[in-house]
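Read the structure below first, then the notes.
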Amino acid sequence: MFSLKEKQLIADKIEGLLLSLDHPEMPKDKPKFKLYVAGKEAWSWAEIKPNWAFTPENPPEINPWNEIARDLMEKTTDGGGK
Numbered sequence: 540m541f542s543l544k545e546k547q548l549i550a551d552k553i554e555g556l557l558l559s560l561d562h563p564e565m566p567k568d569k570p571k572f573k574l575y576v577a578g579k580e581a582w583s584w585a586e587i588k589p590n591w592a593f594t595p596e597n598p599p600e601i602n603p604w605n606e607i608a609r610d611l612m613e614k615t616t617d618g619g620g621k
């Protein structure tokens with residue numbers, strides 16, 4: 540559902556929020572989480588994981604359609620593409 544760039548942005552925000560709570564049961568860095576986001580269609584979904592969980596040996600999965608769709612949406616919306 541989301542592009543890789545969008546997933547990375549969401550993951551950064553979630554990690555920042557979790558760490559900002561300074562909860563005694565949370566680690567002080569690199570919190571583990573998995574967020575499932577359901578789209579409006581059954582086939583539309585995303586799974587968001589922490590950015591630090593990915594390495595060159597374990598890269599994030601990329602759905603080429605999501606990358607193309609985001610590019611197209613930015614080009615066809617007001618203030619989108621340049």
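So the sequence shown is numbered by the numbering used here: it starts at 540 and just counts up by one.
Using N, Cα and C, we set each Cβ at its ideal position, and we do this for glycine too.
CA-to-CA distance, residue j to residue i, given in whole angstroms
{"i": "Glu-600", "j": "Leu-543", "result": "8 Å"}
{"i": "Glu-606", "j": "Ile-587", "result": "15 Å"}
{"i": "Ile-549", "j": "Ser-583", "result": "17 Å"}
{"i": "Met-540", "j": "Ala-585", "result": "5 Å"}
{"i": "Lys-571", "j": "Ile-553", "result": "10 Å"}
{"i": "Thr-594", "j": "Asp-551", "result": "16 Å"}
Strand pairing of residue i, partner residues [DSSP]
{"i": "Leu-548", "result": "None, per the DSSP bridge assignment."}
Status (buried if at least 16 other CB within 10 Å, exposed otherwise) for residue i
{"i": "Ala-592", "result": "exposed"}
{"i": "Lys-579", "result": "exposed"}
Where the beta strand (DSSP E) through residue i begins and ends
{"i": "Glu-586", "result": "584-587"}
Same chain only: Cβ atoms within 6 Å of residue i, ignoring 5 sequence neighbours per side
{"i": "Arg-609", "result": "Ser-542"}
{"i": "Val-576", "result": "Ala-585"}
Cutoff 8 Å; reference residue i; Cβ partners in own chain excluding five residues on either side
{"i": "Met-565", "result": "Leu-557 and Leu-558"}
{"i": "Pro-563", "result": "none"}
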